[in-house]
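**Q** For the sequence shown, the residue numbers in my numbering are 65 to 342. Built from N, CA and C at the ideal position, the CB exists for glycine as well. Dropping a structure here in structure tokens format, bear with me for questions.
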Amino acid sequence: MGQHWPDNCRVEQGSDVSSVSPKVMENYASQAFLGSYLYTDWGDVVLPEAEPDPRLARAEPPIAGRFARATADLVTQWWPSAEPPARVCDVGGGTGRFLYEMARRGFGDEDRVLSEPADLFNVWARRMLCGEAFDGWLPTPPRDSERPDFRRVNLADVPKPDSKATVYPVPAEQVPRPAGYFDLVTLLNVVDRVPDPRQVVSAAARLLRQGGLLVIASPLAYESKYTDEANWISDLHELVPTDEWSVIGEHEGVPYEFLYYDRHLTRYYSQVIAATKR
Ligand SMILES: C[S@@+](CC[C@H](N)C(=O)[O-])C[C@H]1O[C@@H](n2cnc3c(N)ncnc32)[C@H](O)[C@@H]1O
């Protein structure tokens, strides 16, 4: 479809940093895992309803796009001024669906940045947000726990390139923007997939201007293979101390779902909080 890869989707090499869990990166290198994410993130956009896959229809209610849309609605509701934020960054933005929702709402019209250190996720974020060409075959939830599956999408359904989006294959602390640059920084379902949630929040906070909004979502589904037990938290408020942050929005549980394989649907409920930087 004559797609191109605009300059704004340049790749910068990341280096090994401690805010990334090696075990998480190992998981996110699997095509089967990727298929579950791509379906959750983009199924409603790129898999045409006219030709439903009966296996995917087992996910009831329809899960595709649900978390990103619901969370984007909350952020829009909580955003504290009449003008939408000009510069937004989604840290650990996966395959880019939330940044796409920000663009649809006119958020980040000066600069929309996605940081995503997992290679395969980064590649798919560039395909979905930046028009990077691909053959039209989309990994989808596997038939069983081992074998990935694929469906051909209509390339006309792939979102048009977002000229304001830049996708970087780097973790939070390597986002190539100055401290205090962004109006809005989001950290969605990341703090339970890093060795230390406080470290990644502090890297995200550094990017945010004073008065800017930090939005954190997480099902707090901690696992010791990803996060040192000493760093587990049970409520997101623990990450935004009141001497540094004012909490202005909270939601107890946005559904966050994955069809891990044909017969395994998982639903988390992500706590979501929004806090302005003092
Ligand atoms: C559970 S996924 C969430 C993806 C997406 N935000 C969502 O809500 O679906 C966690 C993501 O965090 C990314 N990640 C892990 N450590 C990170 C770090 N230190 N900085 C930025 N992203 C990180 C992973 O690569 C992964 O894509």
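Per DSSP, which one or two residues make a beta bridge with residue 250?
**A** Within the sequence shown, the letter at position 186 stands for residue 250. Answer is 154 and 279, bridged to residue 250.
**Q** Count the other CB atoms within 10 Å of the CB of residue 96; is the residue buried (16 or more) or exposed (fewer)?
**A** By one-based count along the sequence shown, residue 96 stands at place 32. Burial call: buried.
**Q** Looking only at its chain, what residues have a beta carbon closer than 7 Å to the beta carbon of residue 184, apart from the 5 residues adjacent to it on each side?
**A** Sequence index remark: in the sequence shown, residue 184 carries index 120 (1-based). Closer than 7 Å at the Cβ level, and outside the excluded window around residue 184, lie 92, 93 and 98.
**Q** Which stretch, first to last residue, makes up the beta strand (DSSP E) that contains residue 214?
**A** Locating residue 214 in the sequence shown gives position 150, where the first residue counts as 1. Its beta strand (DSSP E) spans residues 213-216.
**Q** What's the call for residue 323, buried or exposed, on a 16-neighbour Cβ count within 10 Å?
**A** Taking the first residue of the sequence shown as position 1, residue 323 is located at position 259. Classification of residue 323: buried, given that the 10 Å Cβ count is 16 or more.
**Q** Tell me whether residue 180, by its Cβ, gets closer than 7 Å to a heavy atom of ligand 1.
**A** Indexing the sequence shown from 1 puts residue 180 at position 116. Yes.
**Q** Report the option in 162, 124 and 227 whose CA atom is closest to the CA atom of residue 327.
**A** Indexing the sequence shown from 1 puts residue 327 at position 263. Among 162, 124 and 227, the Cα nearest to that of residue 327 belongs to 124.
**Q** Note the first and the last residue of the continuous alpha helix (DSSP H) segment covering residue 289.
**A** Here the question's residue 289 lines up with position 225 in the sequence shown. Note, residue 289: premise wrong, no alpha helix (DSSP H); not H, not E.
**Q** Below 8 Å on the Cβ atoms is my contact criterion, and I expect residue 342 with residue 309 to pass it. Report the Cβ-Cβ distance as a whole number of Å.
**A** Working through the sequence shown from its first residue, we reach residue 342 at position 278. Working through the sequence shown from its first residue, we reach residue 309 at position 245. With a Cβ gap of about 6 Å, residue 342 and residue 309 count as contacting.
**Q** Figure out for me which residue from 86, 105, 111 and 305 has the closest Cα to the Cα of residue 216.
**A** Numbered from 1 along the sequence shown, position 152 holds the residue referred to as residue 216. Per the Cα distances, 111.
**Q** Are residue 205 and residue 320 close, meaning C-beta to C-beta below 8 Å?
**A** Your numbering for residue 205 matches position 141 in the sequence shown. Your numbering for residue 320 matches position 256 in the sequence shown. Result no, Cβ atoms of residue 205 and residue 320 do not sit closer than 8 Å.
**Q** What is the DSSP secondary structure of residue 114, counted as helix, strand or coil?
**A** Within the sequence shown, the letter at position 50 stands for residue 114. A caution first: residue 114 carries a pLDDT of 48, below 50, which makes its placement in the model too unreliable to give a value.
**Q** Smallest Cα separation from residue 219: which of 192, 235, 163 and 256?
**A** Numbered from its first residue, the sequence shown carries residue 219 at position 155. The candidate whose alpha carbon is nearest that of residue 219 is 192.
**Q** Around the C-beta of residue 335, are 16 or more other C-beta atoms found within 10 angstroms, so that it is buried, or is it exposed?
**A** Within the sequence shown, numbered from 1, the residue matching residue 335 stands at position 271. Buried, by the Cβ-count rule.
**Q** Suppose the cutoff is 6 Å on Cβ atoms and the five residues either side in sequence are ignored; what does the same chain contact list for residue 248 look like?
**A** Your numbering for residue 248 matches position 184 in the sequence shown. Counting only Cβ-Cβ distances below 6 Å, and skipping sequence neighbours, we find 149, 152 and 277.
**Q** Tell me which residues share the same chain as residue 108 and place their Cβ nearer than 6 Å to its Cβ, disregarding the 5 neighbours each side in the sequence.
**A** Here residue 108 refers to the residue found at position 44 when the sequence shown is read from its first residue. If we look at residue 108 and ignore the five residues flanking it on each side, its Cβ neighbours are 128 and 129.
**Q** Grouping DSSP H, G and I as helix and E and B as strand, with all else coil, what is residue 199?
**A** For the purposes of this step, residue 199 is taken as the residue at position 135 of the sequence shown. Coil at residue 199, not helix or strand.
**Q** With a floor of 4 residues, list each alpha helix (DSSP H) that falls wholly inside the stretch 83-134, ordered by position along the chain.
**A** Taking only runs of at least 4 residues, the alpha helix (DSSP H) segments lying wholly in the stretch 83-134 are 86-91 and 95-110.
**Q** So residue 189 and residue 231 are supposed to be a Cβ contact under 8 Å. How far apart are they, rounded?
**A** Position 125 of the sequence shown, counted from the start, is the residue given in the question as residue 189. Position 167 of the sequence shown, counted from the start, is the residue given in the question as residue 231. Yes, residue 189 and residue 231 are in contact; Cβ-Cβ is about 5 Å, under 8 Å.
**Q** With 16 other CB atoms within 10 Å as the buried threshold, where does residue 287 fall?
**A** Position 223 of the sequence shown, counting from 1, holds the residue named residue 287. So residue 287 counts as exposed.
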